[in-house]
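Asks: If you read the protein sequences in the order shown, they are chains A and B. Counting along the first sequence from 1, when you hit position 125 you're at 131 in our numbering, and nothing is skipped either side. Counting along the second sequence from 1, when you hit position 35 you're at 41 in our numbering, and nothing is skipped either side. For glycine and all other residues, C-beta sits at the position ideal for the given N, C-alpha and C. Being a predicted model, the structure only gives us computed values, none of them experimental.
Number of protein chains: 2
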Amino acid sequence: MIKRSRPKDEILRILSVPDHHPTTEEIFAEVKSLLPDTGIATVYRNLEKLTSSGMIIKLERGSGSSRYDGNLVKHDHCVCKICGKTSDVWLNHGLGDKDLSDVVPGFEVSDYTLEFFGVCGECAKRKKN
Amino acid sequence: MIKRSRPKDEILRILSVPDHHPTTEEIFAEVKSLLPDTGIATVYRNLEKLTSSGMIIKLERGSGSSRYDGNLVKHDHCVCKICGKTSDVWLNHGLGDKDLSDVVPGFEVSDYTLEFFGVCGECAKRKKN
DNA sequence: GTCTCTGCAAATTGTTTGCAAACTG
DNA sequence: CAGTTTGCAAACAATTTGCAGAGAC
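Written out as structure tokens, the structure reads:
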């Protein structure tokens, strides 16, 4: 059974901002600014609990701190290779409707992740100068 | 300038096996079985060098050791949520042909990753018993 | 009251780095 | 021989865990 707590409420509030995909470190910093004696372990434990109970989505990063998404409606993301900034992408590629179960023979597929990699607007501008 | 070496050659040989996506640890174990005094750092350094020179592809895993792919032809993967086994997926979703540059406005997209998650045949069988 | 959640510190995991010696072209 | 690569050990970064006390239902 999952109980409420101040840190958990704050995390959910932070992740309710549209198109916002903060890293664990960023979430920790924001929670700590409001609840100063929050430990990083609490943030990790809450993010894990919320993810496994399906209330938020974990965006696993290859390197660096994981990011999280509070929007449960299926969509994709684009990730800046330079600063790591992650934004929502709403593309109709048809995968969302497709019956994933027979996409791969002999594999019970239940979900997918589509990520675009590139350079975000700010980093592109910075590179020019 | 990138020079050849026994460990590097072994890594490339291991990754030339079709539909084989070993983790760093697995690659290390296989190289070490042939070249017993290979250090793990050598494997990491070679994988990084081969990846950045475009000779192999790194499959970043959210958790656990990264996997690598020696097949440079663009394709997708499916990943077993239980054992981590990763297999090639050749699907014509049209993304490969699409001009990625205008998939996301204000974002210079240069590449994408599509991964399916589910349960592989072996793990499905094991779960039944 | 019971079971979950918390802060803290220590432990783990996957990866990277500094160094002097060995190897490659 | 100049520049790259190696093994080793130590350093790192992100995350997880053990514990005793505080908090939620």
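State buried or exposed for residue 110 of chain A, treating a residue as buried only when at least 16 other CB atoms are found within 10 Å of its CB.
Replies: Residue 110 of chain A is buried by the Cβ-count criterion.
Asks: Chain B partners of residue 116 of chain A, CB-CB under 7 Å?
Replies: Going along chain B in sequence order, the residues near residue 116 of chain A (Cβ under 7 Å) are 123, 124.
Asks: If I measure Cβ to Cβ from residue 52 of chain B and keep anything under 7 Å in the same chain, skipping five residues before and after, which residues do I get?
Replies: Closer than 7 Å at the Cβ level, and outside the excluded window around residue 52 of chain B, lie 13, 14, 17.
Asks: How long is the line joining the alpha carbons of residue 80 of chain B and residue 103 of chain B, rounded to whole angstroms?
Replies: Rounded to whole angstroms, residue 80 of chain B to residue 103 of chain B spans 10 Å at the Cα level.
Asks: Name the chain A residues that come within less than 7 Å of residue 130 of chain B, Cβ to Cβ?
Replies: 114, listed in chain order.
Asks: Which class does residue 53 of chain A belong to by DSSP, given the choice of helix, strand or coil?
Replies: The answer is helix: DSSP assigns residue 53 of chain A an H, G or I state.
Asks: Please list the partners that residue 110 of chain B has in chain A, where partner means a Cβ-to-Cβ separation under 7 Å.
Replies: Those are 84, 95, 122, listed as they occur along chain A.
Asks: Among A:93, A:107, A:123, A:105, which one has its Cα closest to the Cα of residue 107 of chain B?
Replies: Considering only alpha carbons, the answer is A:123.
Asks: Going by other Cβ atoms of all chains shown within 10 Å of its Cβ, with 16 needed for buried, is residue 54 of chain B buried or exposed?
Replies: That one is exposed.
Asks: With a 10 Å radius around its C-beta and 16 neighbouring C-beta atoms as the bar for buried, classify residue 137 of chain A as buried or exposed.
Replies: The structure shown does not extend to residue 137 of chain A, since chain A spans only 7 to 135, so no value can be given for it.
Asks: Can at least three beta-carbon pairs, one atom from the stretch 66 to 76 of chain B and one from the stretch 19 to 26 of chain B, be found at a separation below 8 Å?
Replies: Yes, the stretch 66 to 76 of chain B touches the stretch 19 to 26 of chain B.
Asks: Using a Cβ-Cβ distance under 9 Å, would residue 119 of chain A count as near chain B?
Replies: At least one chain B Cβ lies under 9 Å of residue 119 of chain A.
Asks: Using a C-beta to C-beta distance shorter than 9 Å, which residues of chain A count as neighbours of residue 68 of chain B?
Replies: Neighbours of residue 68 of chain B on chain A, chain order: 64, 65, 66, 67, 68, 72.
Asks: Determine the closest residue to residue 78 of chain B out of B:69, B:87, B:59, with distance taken between C-alpha atoms.
Replies: Here the closest residue by C-alpha is B:59.
Asks: In terms of alpha-carbon separation, which member of B:63, B:82, B:114, B:46 lies closest to residue 99 of chain B?
Replies: Nearest of B:63, B:82, B:114, B:46 to residue 99 of chain B, Cα basis: B:82.
Asks: Just the chain A side, please: which residues come within less than 8 Å of residue 99 of chain B by C-beta, in chain order?
Replies: Those within 8 Å of residue 99 of chain B in chain A are 99, 100, 101.
Asks: Hey, is residue 90 of chain B's beta-carbon within less than 9 Å of any beta-carbon in chain A?
Replies: It does not: the Cβ of residue 90 of chain B has no partner Cβ on chain A nearer than 9 Å.
Asks: Thinking C-alpha only, which one of B:38, B:41, B:91 is nearest residue 25 of chain B?
Replies: Taking only the C-alpha atoms, the option nearest residue 25 of chain B is B:91.
Asks: Could you name the residues that DSSP lists as bridge partners for residue 64 of chain A?
Replies: A:74, per the DSSP bridge assignment.
Asks: Exposed or buried, what is residue 114 of chain B when buried is set at 16 or more other beta-carbons lying within 10 Å of its beta-carbon?
Replies: Buried is the call here.
Asks: At a Cβ threshold of 9 Å, is residue 87 of chain A touching chain B?
Replies: Residue 87 of chain A counts as touching chain B.
Asks: Is there a C-beta anywhere in chain B that falls below 9 Å from the one on residue 106 of chain A?
Replies: Taking Cβ atoms only, chain B reaches closer than 9 Å to residue 106 of chain A, which makes this a yes.
Asks: Roughly how many angstroms separate the alpha carbons of residue 34 of chain B and residue 32 of chain A, rounded to a whole number?
Replies: So the alpha carbons of these two residues sit roughly 34 Å apart.
Asks: What does residue 127 of chain B reach in chain A if we use C-beta pairs closer than 8 Å?
Replies: Here the neighbours are 112, 113.
Asks: For a test of the three-state rule: what should DSSP assign to residue 37 of chain B, helix, strand or coil?
Replies: DSSP places residue 37 of chain B in helix when its eight states are reduced to three.
Asks: With burial defined as no fewer than 16 other Cβ atoms inside 10 Å of the residue's Cβ, what is the status of residue 56 of chain A: buried or exposed?
Replies: Result: buried.
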